[in-house]
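> This structure is in structure tokens; I'll ask about it shortly.
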Amino acid sequence: MPDVRTAAVEAAIEGELRLLQPEVRSSPELLAELLHPEFREFGSSGRYWDRPSIIESLVAGEDPGPRPVVVSQMDGVQLAPDLVHLTFDTVHAGRHTHRSSLWRRTDAGWQMYFHQASPFPAEGE
15 MPDVRTAAVE
25 AAIEGELRLL
35 QPEVRSSPEL
45 LAELLHPEFR
55 EFGSSGRYWD
65 RPSIIESLVA
75 GEDPGPRPVV
85 VSQMDGVQLA
95 PDLVHLTFDT
105 VHAGRHTHRS
115 SLWRRTDAGW
125 QMYFHQASPF
135 PAEGE
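First residue of the sequence shown? That's 15 in the working numbering, and the numbers climb one at a time after it.
So this is what it looks like as structure tokens:
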């Protein structure tokens with residue numbers, strides 16, 4: 015049976031991909047639309063981020079920089095009517111990272127509630 019994505023999973027994927035766009039990452043207003051007020055992240059560096067600190071860092075251009083982010087193996091599952099879990103991999107500036115996000119539906123739409131990034135070596139490294 016083919017894997018059929020729900021509208022909720024599609025909305026979360028759309029939001030996730032928007033968050034990787036340089037024009038979104040440089041806009042505090044667009045970031046605020048996509049990040050839940052209680053947003054938390056464990057970054058690939060091991061650093062803990064909350065919503066204000068990640069918005070400040072992204073707008074300051076500290077991460078990820080102008081180089082493109084390559085996304086692969088994006089998959090999602092709807093855990094509840096208002097909750098989606100996404101997993102995917104990225105490559106940016108030669109760094110490979112497994113990523114996991116929780117997206118919640120709010121009155122403002124789908125917003126990222128939690129994110130975790132874990133670096134991993136490229137094949138052959």
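For glycine and all other residues, C-beta sits at the position ideal for the given N, C-alpha and C. Predicted, not measured: the structure shown is a model, and the values here were computed from it.
Secondary structure at Glu24, three-state DSSP: helix, strand or coil?
Helix, per DSSP.
> Suppose the cutoff is 7 Å on Cβ atoms and the five residues either side in sequence are ignored; what does the same chain contact list for Pro42 look like?
Only Ile69, Val73 meet the Cβ criterion.
> In the DSSP assignment, the beta strand (DSSP E) including Val83 goes from what residue to what residue?
From DSSP, Val83 is part of no beta strand (DSSP E); its letter is neither H nor E.
> Quick check: the Cα distance between Ala94 and Pro133, rounded to an integer number of angstroms?
Computed Cα separation, rounded: 28 Å.
> Measuring only the C-alpha atoms, how far is Pro51 from Gly108?
Looking at the two C-alpha atoms, the distance is approximately 31 Å.
> Which stretch, first to last residue, makes up the beta strand (DSSP E) that contains Glu161?
Since the displayed the chain opens at 15 and closes at 139, residue 161 lies outside it and no answer follows.
> Is the beta carbon of Arg54 less than 9 Å from the beta carbon of His129?
Against a cut-off of 9 Å, the Cβ pair of His129 and Arg54 comes out as a contact.
> For Gly29, which of helix, strand or coil comes out of DSSP?
It is helical.
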